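According to the working numbering, the sequence shown is numbered sequentially starting from -11. The structure under discussion appears below in the form of structure tokens.
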Amino acid sequence: MEKVCVIGAGSTKYGKLQESIADITVQASVDAIESAGIEPKEIEAGYISNVFGVADKQVHLGPVVMSNLGIPEKPSLSIESACGSGSVAFREAFANVAGGFYDAVLVTGVEKVTHTGTEWTTTYFSYCSDFFYEGQAGASFPGLFASMARAYLTEFKATEEDLAMVAVKNHDNGFLNPKAHLRKKITIDDVMNSAVVASPLKLYDCCPFSDGASSVILCNEKFAKQHTKNYIRVIGSGRGGSPAALQGRNHLTTIPSTKIAAEAAYKMAGIKPKNVDFAEVHDCFTIAEIVDTEDLGFFDKGKAVEAVRDGKTRLNGEIPINPSGGLKSKGHPIGATGVGQVVEVFDQLTGRAGERTVKDAKIGLTHNFGATGASCAVHIFQSV
Ligand SMILES: CC(C)(COP(=O)(O)OP(=O)(O)OC[C@H]1O[C@@H](n2cnc3c(N)ncnc32)[C@H](O)[C@@H]1OP(=O)(O)O)[C@@H](O)C(=O)NCCC(=O)NCCS
């Protein structure tokens, strides 16, 4: 296998955007190409992740992006894997560069949904659940994650205030991120007093609906060395699956696909969870971050809440989680999120993260799943 590197990264701001889906996809792609210091013609293929392009009247985004970059003859692949689309696109690109099919490729994720309003977006998103058992029965994502939260609070000594602390921490980090959607500090009282969305989850336990696009350039190490000194290596990649509907799982307080993907990624990287310096994890709801950090092996089962109480996951803690602000504060444009996590790791490990830089970090991990974790990908990166 070729060694695979990330040599450039770019992102639009996340939030409610006015530009078209095609425009923001191209903007992020151009940013990534410029940050890599390469010409578009050096890109050999494009991997474009998106879920609801139909909501902005543009599907089959791959050829549209390549045409706008002036390389219409280059092949592209449009990828959908619900909220985990970005990391699946990244994985496909990784596999193709590692396998020697291409020297350099573009991976761009995008979503543009906020113009459809909360009611429609909630309905669209529920199509990503196992619709027969969940969506059509009225179980939208806040409800499904509320079931997981209720199970966790019942099984372990955890409280709604513990969940609130995750939101407070991620908003603190997002406040330092100029591209974050919800860029404001909040308190535990703000979370506890916010409107109940699906008990025990309240407004501030939920990620927002966001628009946005993120992009990275992947290449083999020979290509990286020819173009820049500022690159990072992809040292681990793993994917996994879980029963699509929650009712098919044995436990609601763990996500099987995360464990499978993480085990494969750690094995490829030849490292243990304790070697990871920081992680961007899929915190679509505060409970998800708690469950993720246990499934990724950072904390024992039932112990992540203690870690949050002790500040271990804060920016200056033992294992900073979601320095970008995470889905909770940075935002969650679902097709872009997995790629946006890689942008954050690239920024952190190449000195571009400004005030939210994790001190002395050398190894970063990304974790991104689709729906309630029906599909998942984990990637591990190392500075050079
Ligand atoms: C929580 C949720 C229901 C709120 O929707 P809403 O009540 O229609 O919110 P609106 O868009 O009308 O915004 C109302 C206000 O709340 C804020 N807001 C919206 N969502 C927010 C969130 N998740 N966290 C904090 N603030 C939020 C808005 O900025 C706005 O503030 P303003 O009045 O100061 O401008 C919606 O964001 C949601 O469903 N989130 C989950 C998305 C999801 O399921 N993603 C997939 C995960 S698997």
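Idealized CB from N, CA, C, for every residue including glycine. What you are looking at is a predicted structure, and each value in this text was computed from that prediction instead of being measured.
- The beta-bridge partner set that DSSP reports for T96 consists of I36, S203.
- Scanning its chain for C-beta atoms nearer than 7 Å, with the 5 sequence neighbours on each side dropped, one finds around T0 the residues I12, Q15, A16, G200, A201, in chain order.
- Counting C-beta atoms within 10 angstroms of its own C-beta, S114 has 16 or more neighbours from the protein chains shown and is therefore classed as buried.
- The beta-bridge partner set that DSSP reports for N208 consists of V(-8).
- Contiguous beta strand (DSSP E) elements confined to the segment 78 to 164 occur at 92 to 99, taking only those with 3 or more residues.
- In this structure, A186 places its C-beta atom within 8 Å of the C-beta atom of P130.
- Judged by DSSP in its simplified three-state form, E343 adopts helix.
- K190 carries a strand assignment under DSSP once its states are collapsed to helix, strand and coil.
- G313 and K347 have their C-alpha atoms spaced approximately 16 Å apart.
- In this structure, the C-beta of L284 stays at least 7 Å away from each heavy atom of ligand 1.
- Shown here, R302 sits in coil according to DSSP, grouped into three states, outside any helix or strand.
- Between K247 and the set S64, H367, A20, the nearest pair of CA atoms involves H367.
- A Cβ-Cβ separation of about 4 Å places D44 in contact with I9 under the 8 Å criterion.
- Per DSSP, the beta bridge partners of R227 are A365.
- Put simply, the residues with a CB less than 6 Å from any heavy atom of ligand 1 are C71, T106, T110, F113, F129, P130, L170, V185, L191, Y192, C194, C195, P196, F197, C272, H320, in chain order.
- Rounded to the nearest whole angstrom, the CA to CA distance from T216 to T281 is 33 Å.
- Inter-segment contact for the segment 339 to 354 and the segment 162 to 176 is present: three or more beta-carbon pairs are separated by less than 8 Å.
- Under DSSP, S64 takes part in a beta bridge, and its partners are G34.
- Between G319 and N38, the C-beta spacing is not below 8 Å.
- For E282, the secondary structure class from DSSP, reduced to helix, strand or coil, is helix.
- Beta bridge pairing from DSSP links A(-3) with V204.
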